[in-house]
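Remarks on the structure that follows.
Residue numbers (my numbering): 1056 to 1195.
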């Protein structure tokens, strides 16, 4: 974990193939299967696209709007800005080949107390994202 003077960066390695992790990362309808903090996503069917928008539904009725800033399929990178005024968070995501499958990472640019509080949940989500086999909810 890093974050001194810049975004907090978290990563996880796992056996899932890079292309599968990228699909899971960029398909909002799959987010709730690997990210325990997400109950659902209101987003058009399909993958994220630059300029696209939606709403992440969290616990206790929390609804967080988001805008996708960039998607680079060749580099396997994408970035978005979830948040509600006055707190906006910028998150960059990526997938790289790992030692035994893939490595997924997130950089969280947010006020440090918020980023540090979110880190354990994000770390758990990353581990589930790169796990081999079907997603925890049974979706592949």
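All C-beta atoms in this analysis are idealised placements derived from N, C-alpha and C, irrespective of residue type, glycine included.
What is the DSSP secondary structure of residue 1073, reduced to helix, strand or coil?
Position 18 of the chain shown, counting from 1, holds the residue named residue 1073. It is helical.
How far does the beta strand (DSSP E) with residue 1163 in it extend, from its first residue to its last?
The residue labelled residue 1163 in the question sits at position 108 within the chain shown. Boundaries of the beta strand (DSSP E) around residue 1163: 1156-1164.
State buried or exposed for residue 1139, treating a residue as buried only when at least 16 other CB atoms are found within 10 Å of its CB.
The residue given as residue 1139 occupies position 84 in the chain shown. Counting Cβ neighbours within 10 Å, residue 1139 comes out exposed, since fewer than 16 surround it.
From residue 1137 to residue 1146, what distance separates their C-alpha atoms?
Translated into positions along the chain shown, residue 1137 becomes position 82. Translated into positions along the chain shown, residue 1146 becomes position 91. C-alpha separation (whole angstroms): 8 Å.
Output needed for residue 1144: all residues of its chain with C-beta closer than 6 Å, excluding positions within five of it in sequence on either side, in chain order.
What you label residue 1144 is simply residue 89 of the chain shown in a count that begins at 1. 1137, 1138, 1165.
Take residue 1107 as the anchor and find which of 1169, 1085, 1070, 1120 has the nearest alpha-carbon.
For the purposes of this step, residue 1107 is identified with residue 52 of the chain shown, where counting begins at 1. Minimum Cα distance to residue 1107 is reached at 1120.
According to DSSP, is residue 1189 part of a helix, a strand, or is it coil?
Taking the first residue of the chain shown as position 1, residue 1189 is located at position 134. Residue 1189 carries a coil assignment under DSSP once its states are collapsed to helix, strand and coil.
Indicate whether residue 1062 and residue 1162 have their beta-carbon atoms separated by less than 8 Å.
For the purposes of this step, residue 1062 is identified with residue 7 of the chain shown, where counting begins at 1. For the purposes of this step, residue 1162 is identified with residue 107 of the chain shown, where counting begins at 1. Remark: C-beta atoms of residue 1062 and residue 1162 approach each other more closely than 8 Å.
Can you tell me which of 1066, 1065, 1088 puts its alpha carbon nearest to the alpha carbon of residue 1189?
Translated into positions along the chain shown, residue 1189 becomes position 134. Looking from the CA of residue 1189, the closest CA among 1066, 1065, 1088 belongs to 1088.
Could you name each continuous alpha helix (DSSP H) segment of 4 residues or more that falls completely within the stretch 1083-1134, going from the start of the chain to the end?
Counting only runs of 4 or more, we get 1083-1089.
Distance between residue 1126 and residue 1102 (C-alpha atoms, nearest Å)
Looking up residue 1102 in the chain shown gives position 47. Looking up residue 1126 in the chain shown gives position 71. If you take the alpha carbons of residue 1102 and residue 1126, they lie about 10 Å apart.
Cα-Cα separation, residue 1090 to residue 1132
Residue mapping note: residue 1090 aligns to position 35 of the chain shown, counting from 1. Residue mapping note: residue 1132 aligns to position 77 of the chain shown, counting from 1. Rounded to the nearest angstrom, the two C-alpha atoms are 18 Å apart.
Comparing alpha-carbon positions, which option in 1113, 1077, 1074, 1134 lies nearest residue 1123?
To locate residue 1123, count along the chain shown from 1; it is residue 68. Closest option to residue 1123, judged by alpha-carbon separation, among 1113, 1077, 1074, 1134: 1134.
Let me know the secondary structure DSSP gives residue 1137 once reduced to three states.
Within the chain shown, residue 1137 is the residue found at index 82, counting from 1. Reduced to three states, the DSSP call for residue 1137 is strand.
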